[in-house]
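Reading through the structure tokens given below for one structure.
In this note's numbering, the protein residues as written are 135 to 409.
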């Protein structure tokens, strides 16, 4: 990690185990990855660039970043001095609760169509909410600020969820591969195996998988392993045991991939979770 980089990661057990990050990154580059919940961040200094939804985006200082659940994205500095940001990682259930409170009835999960928006008022509000959570304000203040902020973001920026693409034969083959990887993420899997499952040639599988998922099968497998590793670390499993349980050959490879995707080392992530 660069001498100019710093990372503070924590979670709030009283708010559905909400994860939070306050960090400065200069040389760190996030590998393609997704999150089970949302990413809502504000850029305090510098600028971040990231690939998302088949486009390249730049989030300058003062902007808000939205990433929807399960959607692949990257992250790196767009300036030589890096970027500093505050990020909330609210769960799908937390956003659904906010929508239900707004409408008085159950609704589909919110979808944020614009990944980067410039809204000084909301940027300030998100920052204040993040600081209140960081400074351990009262439980009432933390819950009130978070729900109010999420509700206002939904009202301003959430759209109806886009319709899924029709299930072609090729698409269904990729879905079978995804299901297989999700069920066997800890195994040593070959490209030939996946091609047979998809009923496609290895090359056609690679091209189609990358087209639909924005990353190749091996990178998706690493993403799955890290997702399961996070759950194990939350339960208090040691790093080495977690690494082996999710299919990594050793702890060093696990640590490298974990930090590239999560942004913090697994030891720090697991240590915070134990508190």
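Every residue, glycine too, gets a C-beta built ideally from N, C-alpha and C.
| said: Check whether the region 281-296 and the region 252-260 touch, using three or more Cβ-Cβ pairs below 8 Å as the test. | reply: yes
| task | Let me know if residue 357 comes out buried or exposed under the rule of 16 or more other beta-carbons within 10 Å of its beta-carbon. | result | Stepping through the chain shown from its first residue, residue 357 is reached at position 223. Residue 357 should be labelled buried.
| Do you know offhand how far residue 276's Cα is from residue 154's? | Along the chain shown, read from residue 1 onward, the residue named residue 276 stands at position 142. Along the chain shown, read from residue 1 onward, the residue named residue 154 stands at position 20. Spanning the two alpha carbons is a distance of roughly 13 Å.
| Do residue 218 and residue 179 come within 8 Å of each other at the CB atom, strictly closer than that value? | Counting from 1 along the chain shown, the entry for residue 179 is found at position 45. Counting from 1 along the chain shown, the entry for residue 218 is found at position 84. The answer is yes: Cβ separation under 8 Å.
| query | So is residue 360 buried or exposed if we call it buried at 16+ other beta carbons inside 10 Å? | reply | Position 226 of the chain shown, counting from 1, holds the residue named residue 360. With 16 or more Cβ atoms within 10 Å of its Cβ, residue 360 is classed as buried.
| field | Buried or exposed by the 16-neighbour rule on C-beta atoms within 10 Å, applied to residue 365 | value | Reading the chain shown from its first residue, position 231 is the one you call residue 365. Its Cβ having fewer than 16 others within 10 Å, residue 365 is exposed.
| request: Determine the extent of the beta strand (DSSP E) in which residue 194 is found, giving its start and end residues. | output: In the chain shown, counting from the first residue as 1, residue 194 sits at position 60. 189-194 is the extent of the beta strand (DSSP E) around residue 194.
| field | residue 233, DSSP secondary structure in three states | value | As a working mapping, residue 233 is identified with position 99 in the chain shown. Note: residue 233 maps to helix in three-state DSSP.
| said: How far does the beta strand (DSSP E) with residue 153 in it extend, from its first residue to its last? | reply: Sequence index remark: in the chain shown, residue 153 carries index 19 (1-based). It spans 152-159 - the beta strand (DSSP E) in which residue 153 sits, taken as one unbroken run.
| query | Is it buried or exposed for residue 220, if we count other Cβ within 10 angstroms and need 16 for buried? | reply | Position 86 of the chain shown, counted from the first residue, corresponds to residue 220. Residue 220 comes out buried.
| Of the choices 163, 143 and 177, whose alpha-carbon is the least far from that of residue 207? | Here residue 207 corresponds to residue number 73 of the chain shown, with the count starting at 1. Minimum Cα distance to residue 207 is reached at 163.
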